[in-house]
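*Asks:*
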Amino acid sequence: MSDEEQQYDVRAVQDKWQDRWAELGTFAASDDPADPRERRFVVDMFPYPSGDLHMGHGEVFAIGDVIARYWFHKGYNVLHPIGWDSFGLPAENAAIKRNAHPAEWTYANIETQANSFRRYGISFDWSRRLHTSDPDYYRWNQWMFTRFFERGLAYRKGGLVNWCPNDQTVLANEQVVAGRCERCGADVVRRELTQWYFKITDYAQRLLDDMKQIEGGWSDRVLTMQRNWIGRSEGADVTFEIEGHGPVTVYTTRPDTLYGATFFVVAADAPLAEQIVSDEQRAALDAYRAEVAKLSDIDRLSTEKEKTGVFLGVHAVNPVNGERIPVWAADYVLADYGHGAIMAVPAHDQRDLDFARAFGLPVKVVLETGAEDPNATGTATPGEGRLVNSGPLDGLTKADAITKIISILEDKGLGHGTVNFRLRDWLLSRQRFWGTPIPIIHCPDCGEVPVPDDQLPVTLPDDLRGADLAPKGISPLAAATDWVNVDCPKCGGAAKRDTDTMDTFVDSSWYFLRYTSPGYTGGPFDPAKVKQWMPADQYIGGIEHAVMHLLYCRFFTKVLYDMDMIDFTEPFTRLLNQGQVINQGKAMSKSLGNGVDLGKQIDEFGVDAVRLTMLFGGPPEDDIDWADVSPAASQKFLARAYRVMTDVTSEPGVDFAAGDTDLRRFTHRTVDEVTRLVEGHRFNVAIARLMELTSAARKAIDSGPGAGDPAVREAAEALAIMLSVAAPYITEEAWEKLGHGADTSIARVSWPVADPALLVQESVTCVVQVKGKVRDRLEVAPDIAEDELEKLALASAKVQAAIGDAAVRKVIVRAPKIVNIVV
Numbered sequence: 047m048s049d050e051e052q053q054y055d056v057r058a059v060q061d062k063w064q065d066r067w068a069e070l071g072t073f074a075a076s077d078d079p080a081d082p083r084e085r086r087f088v089v090d091m092f093p094y095p096s097g098d099l100h101m102g103h104g105e106v107f108a109i110g111d112v113i114a115r116y117w118f119h120k121g122y123n124v125l126h127p128i129g130w131d132s133f134g135l136p137a138e139n140a141a142i143k144r145n146a147h148p149a150e151w152t153y154a155n156i157e158t159q160a161n162s163f164r165r166y167g168i169s170f171d172w173s174r175r176l177h178t179s180d181p182d183y184y185r186w187n188q189w190m191f192t193r194f195f196e197r198g199l200a201y202r203k204g205g206l207v208n209w210c211p212n213d214q215t216v217l218a219n220e221q222v223v224a225g226r227c228e229r230c231g232a233d234v235v236r237r238e239l240t241q242w243y244f245k246i247t248d249y250a251q252r253l254l255d256d257m258k259q260i261e262g263g264w265s266d267r268v269l270t271m272q273r274n275w276i277g278r279s280e281g282a283d284v285t286f287e288i289e290g291h292g293p294v295t296v297y298t299t300r301p302d303t304l305y306g307a308t309f310f311v312v313a314a315d316a317p318l319a320e321q322i323v324s325d326e327q328r329a330a331l332d333a334y335r336a337e338v339a340k341l342s343d344i345d346r347l348s349t350e351k352e353k354t355g356v357f358l359g360v361h362a363v364n365p366v367n368g369e370r371i372p373v374w375a376a377d378y379v380l381a382d383y384g385h386g387a388i389m390a391v392p393a394h395d396q397r398d399l400d401f402a403r404a405f406g407l408p409v410k411v412v413l414e415t416g417a418e419d420p421n422a423t424g425t426a427t428p429g430e431g432r433l434v435n436s437g438p439l440d441g442l443t444k445a446d447a448i449t450k451i452i453s454i455l456e457d458k459g460l461g462h463g464t465v466n467f468r469l470r471d472w473l474l475s476r477q478r479f480w481g482t483p484i485p486i487i488h489c490p491d492c493g494e495v496p497v498p499d500d501q502l503p504v505t506l507p508d509d510l511r512g513a514d515l516a517p518k519g520i521s522p523l524a525a526a527t528d529w530v531n532v533d534c535p536k537c538g539g540a541a542k543r544d545t546d547t548m549d550t551f552v553d554s555s556w557y558f559l560r561y562t563s564p565g566y567t568g569g570p571f572d573p574a575k576v577k578q579w580m581p582a583d584q585y586i587g588g589i590e591h592a593v594m595h596l597l598y599c600r601f602f603t604k605v606l607y608d609m610d611m612i613d614f615t616e617p618f619t620r621l622l623n624q625g626q627v628i629n630q631g632k633a634m635s636k637s638l639g640n641g642v643d644l645g646k647q648i649d650e651f652g653v654d655a656v657r658l659t660m661l662f663g664g665p666p667e668d669d670i671d672w673a674d675v676s677p678a679a680s681q682k683f684l685a686r687a688y689r690v691m692t693d694v695t696s697e698p699g700v701d702f703a704a705g706d707t708d709l710r711r712f713t714h715r716t717v718d719e720v721t722r723l724v725e726g727h728r729f730n731v732a733i734a735r736l737m738e739l740t741s742a743a744r745k746a747i748d749s750g751p752g753a754g755d756p757a758v759r760e761a762a763e764a765l766a767i768m769l770s771v772a773a774p775y776i777t778e779e780a781w782e783k784l785g786h787g788a789d790t791s792i793a794r795v796s797w798p799v800a801d802p803a804l805l806v807q808e809s810v811t812c813v814v815q816v817k818g819k820v821r822d823r824l825e826v827a828p829d830i831a832e833d834e835l836e837k838l839a840l841a842s843a844k845v846q847a848a849i850g851d852a853a854v855r856k857v858i859v860r861a862p863k864i865v866n867i868v869v
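Position 560 (the sequence shown) corresponds to 606 in the numbering used here; numbering is contiguous.
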């Protein structure tokens with residue numbers, strides 16, 4: 047029988063071991079406090095049930111499963127749960143299209159995905175399964191919202207918000223990517239609405255400071271993205287007097303340049319602009335604001351955009367020199383940054399300079415940097431230098447000038463040093479149906495009243511479906527009058543429920559805590575169980591959620607810590623971001639016709655081959671182009687490996703030490719290297735080493751000591767165990783055929799341990815090159831010194847013949863493996 051021939055029924059084996067794992071409880075975690083095993087908790091990305099599993103699921107869950115299965119082999123008590131992030135717009139849109147309730151589409155898809163996960167061989171503890179759209183889950187969203195509300199961390203306010211005209215709902219800042227809705231891609235516009243927020247800004251500094259705990263465990267890229275999103279800056283709040291209006295505060299990171307402020311800019315859409323505009327300029331402002339409303343924040347902040355604005359007909363007074371400077375409204379200042387207004391220092395800020403040149407405003411140099419005058423060049427000079435034209439600051443460096451001007455401002459009561467953050471509060475209310483109802487009752491006498499805990503959950507009404515859910519700019523819940531109209535819990539008078547629902551990122555900000563005790567009824571989670579399992583040892587998910595899901599998880603964790611519900615402040619010790627599965631160099635899409643169906647790939651090649659291909663395609667963080675990989679080749683390798691594992695003729699328990707020494711050395715070096723590669727998440731290289739071990743064992747069977755040699759069994763068993771983390775079905779079947787019984791699973795067999803004595807290499811092959819071509823190979827000691835190796839290489843007859851009459855210019859020695867001779 048050839049290596050390529052399939053030697054077992056793939057589907058039958060998959061069904062067999064799915065049933066066997068369920069019978070044996072192979073992947074069940076133990077909550078028993080007396081269990082002496084060290085605990086490990088693996089959290090995979092939280093899947094959304096929009097149809098069956100796709101290629102991205104195939105990659106990320108294969109990666110998580112390797113880690114979980116490896117930890118099972120290492121003897122840990124492993125928690126590897128599964129749940130569904132099952133609220134959200136796709137279900138609601140599907141319900142509108144089908145004239146159904148979103149729950150019907152959602153739970154049907156969950157069952158489809160659950161069956162596919164079982165088929166895919168993922169080592170989930172299915173007893174931990176949860177769905178965020180279950181009332182017994184979202185009850186605790188509401189309970190925590192109430193606790194946040196009581197602590198002043200949940201509040202309602204009016205203001206400009208991001209509005210998706212397609213989905214007819216507001217979006218958090220984090221859900222706007224390049225001016226578009228991150229879900230549907232529609233251009234986002236700004237609208238004035240009253241919405242609910244979580245006060246994440248109260249935790250901005252802690253979100254930065256606590257990164258020290260996860261440095262080394264999280265990628266630098268993710269931490270940098272979060273730092274940039276939080277955007278901490280140090281500067282000063284400075285008070286300007288607006289003539290005819292009163293004091294207005296601006297934030298600046300460069301208070302040292304105050305003497306160079308030649309005009310004042312207010313965000314066109316900020317309430318302040320309307321408050322201070324003169325009667326003569328009001329119509330011009332209204333027209334300009336209408337144009338600005340069409341722009342995204344990305345457009346407004348673009349350095350390439352032509353500067354526009356309108357004079358407001360009033361002046362401000364510079365607090366340090368008393369100069370009157372004109373006040374303008376412009377689009378390059380955002381209403382929600384700082385105080386929605388800036389002092390403009392055009393000589394030393396490029397956007398201010400571009401605006402000044404567009405409208406003929408003065409430019410005053412107050413920082414001598416050695417660069418040419420911005421008035422002549424059109425290029426601002428924002429860097430380091432010494433202050434000029436700045437009264438008491440003249441001659442000072444930037445740092446000294448900042449310190450002094452802040453002191454002057456504080457002495458005069460005109461300003462103070464402060465810290466500012468780019469991060470804005472999390473806008474969490476949504477004008478859609480399929481989400482957690484916000485547990486607030488609006489009473490005309492009592493105001494905002496939380497629903498009492500004993501009345502939670504506030505469940506969604508069952509009678510809204512199809513067209514009832516079509517987006518109208520307000521929540522469909524507003525039409526459910528029997529649901530909306532209630533008695534006030536405080537005074538008993540007529541009142542109304544809040545009709546918005548929560549952003550689904552609320553659901554996914556704490557699900558990992560619920561996994562530890564999914565049936566707990568005394569709170570969102572059992573504190574004792576959380577103490578056992580958290581923080582999670584490994585999280586696997588996409589980098590696209592670096593400043594959404596992951597940031598919100600960190601925020602929730604810190605609030606719960608402050609509520610004395612948990613004893614840690616970071617949820618995930620280690621983070622692994624996987625790349626995308628693409629095809630023909632591009633993201634898969636129906637429009638491009640390059641989509642690949644995961645289920646069809648499994649049908650054709652089997653689960654093991656597809657999983658192996660995912661893992662062998664490259665490092666986890668890199669993209670995998672499905673056009674460049676070959677599940678057929680993986681299938682052939684697995685057939686070769688299976689044949690090696692099942693060709694063994696020695697009995698289980700044989701003394702490996704009696705086997706062939708060369709094969710044993712190869713096996714133990716492979717065990718040592720694969721162990722380090724798996725722990726370092728270099729799964730593709732680990733698989734390559736297992737391929738080499740397969741070839742070495744095959745050679746020993748066919749032309750070496752033979753299939754009955756104890757070293758062949760040792761190699762086959764080590765291969766089966768190590769390969770099982772990637773290809774669970776074929777290795778389970780091989781393990782059984784190796785004589786290990788039908789009532790066991792390879793998943794619980796101990797990981798092989800390399801014998802240090804067999805790792806010692808008696809000699810190493812050193813390659814000697816002359817002019818870049820291999821001229822000889824020398825067997826040398828692994829610890830040979832560089833000068834000794836150089837002498838041996840130059841003494842070689844083959845090397846001397848290659849050198850001939852040429853002069854040796856340089857000898858490059860990389861002991862013990864290579865010598866390169868340049869002539």
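Glycine is no exception: its CB is placed at the ideal position from the N, C-alpha and C atoms.
L473 and V216: beta carbons closer than 8 Å?
*Replies:* Walking along the sequence shown from the start, residue 473 turns up at place 427. Walking along the sequence shown from the start, residue 216 turns up at place 170. Yes. Within cutoff.
*Asks:* Given a cut-off of 8 Å on the beta-carbon distance, is the pair Y94 and G134 in contact?
*Replies:* Counting from 1 along the sequence shown, the entry for residue 94 is found at position 48. Counting from 1 along the sequence shown, the entry for residue 134 is found at position 88. Their beta carbons are under 8 Å apart, which means Y94 touches G134 by this criterion.
*Asks:* When the distance is taken between beta carbons, is D377 closer than 8 Å to R346?
*Replies:* Start at 1 with the first residue of the sequence shown, and residue 346 comes out as number 300. Start at 1 with the first residue of the sequence shown, and residue 377 comes out as number 331. Against a cut-off of 8 Å, the Cβ pair of D377 and R346 comes out as a contact.
*Asks:* In this structure, does DSSP put L32 in helix, strand or coil?
*Replies:* As displayed, the chain neither begins before 47 nor continues past 869, which places residue 32 out of reach and without an answer.
*Asks:* Can you give, in chain order, each stretch of the beta strand (DSSP E) that sits fully within the segment 317-377 and has at least 3 residues?
*Replies:* Segments of the beta strand (DSSP E) lying fully in the segment 317-377: 355-363 and 370-376.
*Asks:* Report, in whole angstroms, the separation of the C-beta atoms of T713 and A788, which I expect to be a contact under 8 Å.
*Replies:* Counting from one through the sequence shown, the residue named residue 713 turns up at place 667. Counting from one through the sequence shown, the residue named residue 788 turns up at place 742. With 8 Å as the limit, T713 and A788 do not qualify as a contact, their Cβ atoms being about 26 Å apart.
*Asks:* Measuring alpha carbon to alpha carbon, tell me which residue in F602, G424, Q327 and G416 is nearest S555.
*Replies:* Here residue 555 refers to the residue found at position 509 of the sequence shown. When each option's Cα is compared against that of S555, the closest is F602.
*Asks:* Restricting to runs no shorter than 3 residues, where is the beta strand (DSSP E) found entirely within the segment 118-182?
*Replies:* Taking only runs of at least 3 residues, the beta strand (DSSP E) segments lying wholly in the segment 118-182 are 123-125.
*Asks:* L176: which of I260, D553, N629 and Q815 sits nearest, CA to CA?
*Replies:* Position 130 of the sequence shown, counted from the first residue, corresponds to residue 176. The residue with the shortest Cα to Cα distance from L176 is D553.
*Asks:* What three-state label does DSSP hand L824 in the structure shown?
*Replies:* For the purposes of this step, residue 824 is taken as the residue at position 778 of the sequence shown. Reduced to three states, the DSSP call for L824 is strand.
*Asks:* To the nearest angstrom, how far is it from the Cα of T659 to the Cα of A678?
*Replies:* Numbered from 1 along the sequence shown, position 613 holds the residue referred to as residue 659. Numbered from 1 along the sequence shown, position 632 holds the residue referred to as residue 678. The straight-line gap from Cα to Cα measures roughly 9 Å.
*Asks:* Assign F244 to one of three DSSP states: helix, strand, or coil.
*Replies:* As a working mapping, residue 244 is identified with position 198 in the sequence shown. Strand.
*Asks:* With distance defined between alpha-carbon atoms, name the residue in K62, A108, Y122 and L769 nearest to W579.
*Replies:* For the purposes of this step, residue 579 is taken as the residue at position 533 of the sequence shown. Comparing Cα-Cα distances from W579 to each of K62, A108, Y122 and L769, the minimum goes to Y122.
*Asks:* Taking the continuous alpha helix (DSSP H) assigned at A847, which residues delimit it?
*Replies:* Looking up residue 847 in the sequence shown gives position 801. It spans A843 to I849 - the alpha helix (DSSP H) in which A847 sits, taken as one unbroken run.
*Asks:* So does the segment 515-529 actually touch the segment 216-225, counting three or more Cβ pairs closer than 8 Å?
*Replies:* Touching, no, given that fewer than three Cβ pairs across the two stretches are closer than 8 Å.
*Asks:* For D693 versus A753, is the C-beta distance shorter than 8 Å?
*Replies:* Position 647 of the sequence shown, counted from the start, is the residue given in the question as residue 693. Position 707 of the sequence shown, counted from the start, is the residue given in the question as residue 753. A contact, by the Cβ cut-off of 8 Å.
*Asks:* Just reading off the beta strand (DSSP E) that T298 is part of, what are its end residues?
*Replies:* As a working mapping, residue 298 is identified with position 252 in the sequence shown. It spans G292 to T298 - the beta strand (DSSP E) in which T298 sits, taken as one unbroken run.
*Asks:* Are D491 and G539 close, meaning C-beta to C-beta below 8 Å?
*Replies:* On the sequence shown, position 445 is the one that residue 491 refers to. On the sequence shown, position 493 is the one that residue 539 refers to. Yes, Cβ-Cβ distance for D491 and G539 is below 8 Å.
*Asks:* For W480, which three-state DSSP category applies?
*Replies:* Start at 1 with the first residue of the sequence shown, and residue 480 comes out as number 434. The answer is coil: DSSP assigns W480 none of H, G, I, E or B.
*Asks:* Between A541 and C489, how many whole angstroms is the CB-CB distance? I'm expecting something under 8 Å.
*Replies:* Position 495 of the sequence shown holds residue 541. Position 443 of the sequence shown holds residue 489. Indeed they touch by this definition, with Cβ atoms about 4 Å apart.
*Asks:* Tell me whether the beta-carbon of A307 lies closer than 8 Å to the beta-carbon of I371.
*Replies:* Stepping through the sequence shown from its first residue, residue 307 is reached at position 261. Stepping through the sequence shown from its first residue, residue 371 is reached at position 325. Yes, the Cβ-Cβ distance between A307 and I371 is below 8 Å.
*Asks:* In terms of alpha-carbon separation, which member of D669, R57 and D180 lies closest to G565?
*Replies:* In the sequence shown, counting from the first residue as 1, residue 565 sits at position 519. Ranking D669, R57 and D180 by Cα distance to G565 puts D180 first.
*Asks:* Could you say which of N730, E84, F401 and D668 lies nearest to I589 if we only look at CA atoms?
*Replies:* As a position in the sequence shown, residue 589 is number 543, starting the count at 1. The shortest C-alpha separation from I589 is found at D668.
*Asks:* Taking A149 as the reference, which of A137, T158 and Q159 has the closest Cα?
*Replies:* Within the sequence shown, the letter at position 103 stands for residue 149. Among A137, T158 and Q159, the Cα nearest to that of A149 is on A137.
*Asks:* Determine the closest residue to R83 out of L304, N208, W242 and L125, with distance taken between C-alpha atoms.
*Replies:* Position 37 of the sequence shown, counted from the start, is the residue given in the question as residue 83. Closest by alpha carbon: L125.
*Asks:* I need the DSSP call for G645, collapsed to helix, strand or coil.
*Replies:* Taking the first residue of the sequence shown as position 1, residue 645 is located at position 599. Three-state DSSP puts G645 in a helix.
*Asks:* Starting from the N-terminal side, write out each stretch of the alpha helix (DSSP H) that is 4 residues or longer and does not extend beyond the segment 412-494.
*Replies:* Those alpha helix (DSSP H) runs which fall completely within the segment 412-494 and span 4+ residues are 420-423 and 444-458.
*Asks:* Let's see if you can read the secondary structure: which residues bound the alpha helix (DSSP H) around W579?
*Replies:* Within the sequence shown, the letter at position 533 stands for residue 579. Per DSSP, W579 belongs to the alpha helix (DSSP H) from P573 to W579.
*Asks:* Which partner residues of C227 appear in the DSSP bridge assignment?
*Replies:* Here residue 227 is taken as the residue at index 181 of the sequence shown, counted from 1. Note: C227 sits in a beta bridge opposite V222.
*Asks:* Using the C-alpha atoms, what's the distance from E69 back to R794?
*Replies:* Along the sequence shown, read from residue 1 onward, the residue named residue 794 stands at position 748. Along the sequence shown, read from residue 1 onward, the residue named residue 69 stands at position 23. C-alpha separation (whole angstroms): 14 Å.
*Asks:* Roughly how many angstroms lie between the CA atoms of G85 and T547, to the nearest whole one?
*Replies:* Position 39 of the sequence shown, counting from 1, holds the residue named residue 85. Position 501 of the sequence shown, counting from 1, holds the residue named residue 547. In the sequence under discussion, the amino acid at residue 85 is Arg, which differs from the Gly named in the question. The alpha-carbon atoms of R85 and T547 are separated by roughly 37 Å.
*Asks:* Assuming V412 contacts D419 under a Cβ cut-off of 8 Å, what Cβ separation, rounded to an integer in Å, is found between them?
*Replies:* The residue given as residue 412 occupies position 366 in the sequence shown. The residue given as residue 419 occupies position 373 in the sequence shown. Incorrect: roughly 12 Å between the Cβ atoms, too far for contact.
*Asks:* With the cut-off set at 8 Å, would you say G359 and V311 are in Cβ contact?
*Replies:* Translated into positions along the sequence shown, residue 359 becomes position 313. Translated into positions along the sequence shown, residue 311 becomes position 265. For G359 and V311, no; Cβs fall outside 8 Å.
*Asks:* Between which two residues does the beta strand (DSSP E) carrying A761 extend?
*Replies:* Position 715 of the sequence shown, counting from 1, holds the residue named residue 761. First-last for A761: P756 to S770, but that is the alpha helix (DSSP H), not the beta strand (DSSP E).
*Asks:* Taking V373 as the reference, give the member of V379, Y383, A362 and R759 with the closest Cα.
*Replies:* The count along the sequence shown starts at 1 and reaches residue 373 at position 327. For the residues V379, Y383, A362 and R759, the minimum Cα distance to V373 belongs to A362.
*Asks:* From which residue to which residue does the beta strand (DSSP E) around I867 run?
*Replies:* The residue given as residue 867 occupies position 821 in the sequence shown. Per DSSP, I867 belongs to the beta strand (DSSP E) from I864 to V868.
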